[in-house]
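Asker:
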Amino acid sequence: MASDAPTADEAVRTMLLLLPRLVGRAKKLPVPERLRDFNLAPRHLSLLSYLLFDGPMTVTELAARLEVAPTTVSLMVGDLSRRGVLDRAEDDNDRRRTIVSIAGTYRAEVEGWLAAGARAWRTALEPLTPEQRRLVIDTLRTYEREVERERTDR
Numbered sequence: 000m001a002s003d004a005p006t007a008d009e010a011v012r013t014m015l016l017l018l019p020r021l022v023g024r025a026k027k028l029p030v031p032e033r034l035r036d037f038n039l040a041p042r043h044l045s046l047l048s049y050l051l052f053d054g055p056m057t058v059t060e061l062a063a064r065l066e067v068a069p070t071t072v073s074l075m076v077g078d079l080s081r082r083g084v085l086d087r088a089e090d091d092n093d094r095r096r097t098i099v100s101i102a103g104t105y106r107a108e109v110e111g112w113l114a115a116g117a118r119a120w121r122t123a124l125e126p127l128t129p130e131q132r133r134l135v136i137d138t139l140r141t142y143e144r145e146v147e148r149e150r151t152d153r
């Protein structure tokens, strides 16, 4: 083991100091001017990220990825589509399903908004092995789960 490897307590201290800075910097990413009046929350950013990176999908697929109820996603999609940010189209294969996508008129703004974060993550993760990337992702998911558990146990 490397001599500069932190102990668990040192790593916890470092992360407690680092995470607020990361969140603060992420919050400072400027929302595109055309989207500022929409009062977008982090969940909207996640929804837009999935649509940008993974392409159009159904409300059910978005709900599964966001780990929320389909009704929650339906409300978000309805709000953003009324404002013209999202497009909804009937699925040609199953007319009961609706396919959601980012509207062409807002695509450049959404791409620009998410690009800085995507570039930063790529710079951080690209040099790692796939196993190391999995470890980073799993660690952040465990942290998220445990913080939520602490919050709900109170």
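Quick note on numbering that gives the first Met the number 0: the sequence shown kicks off at 0 and runs consecutively. Just so it is clear, CB atoms sit at the ideal spot from N, CA and C, and this is done for glycine as well.
1. Can you give the Cα-Cα distance for residue 151 and residue 133, rounded to whole angstroms?
2. Terminal residues of the continuous alpha helix (DSSP H) containing residue 87?
3. Rounded to whole angstroms, what is the Cα-Cα separation between residue 26 and residue 34?
4. Take residue 116 as the anchor and find which of 87, 137, 65 and 23 has the nearest alpha-carbon.
5. Going by the beta-carbon positions, is the gap between residue 104 and residue 83 smaller than 8 Å?
6. For the alpha helix (DSSP H) that contains residue 146, what are its first and last residues?
7. For residue 112 and residue 5, which I take to be in contact (beta-carbon distance under 8 Å), what is that distance rounded to the nearest angstrom?
Answerer: The structure says:
1. Distance between residue 151 and residue 133, taken at the CA atoms: about 27 Å.
2. Boundaries for residue 87: no alpha helix (DSSP H) harbours it, while the beta strand (DSSP E) harbouring it runs 85-89, taken from the DSSP string.
3. Using only the alpha carbons, I get a separation of about 15 Å.
4. Its Cα nearest to that of residue 116, the residue 23 stands out among 87, 137, 65 and 23.
5. For residue 104 and residue 83, yes; Cβs fall inside 8 Å.
6. Here the alpha helix (DSSP H) through residue 146 covers 129-152.
7. Incorrect: roughly 34 Å between the Cβ atoms, too far for contact.
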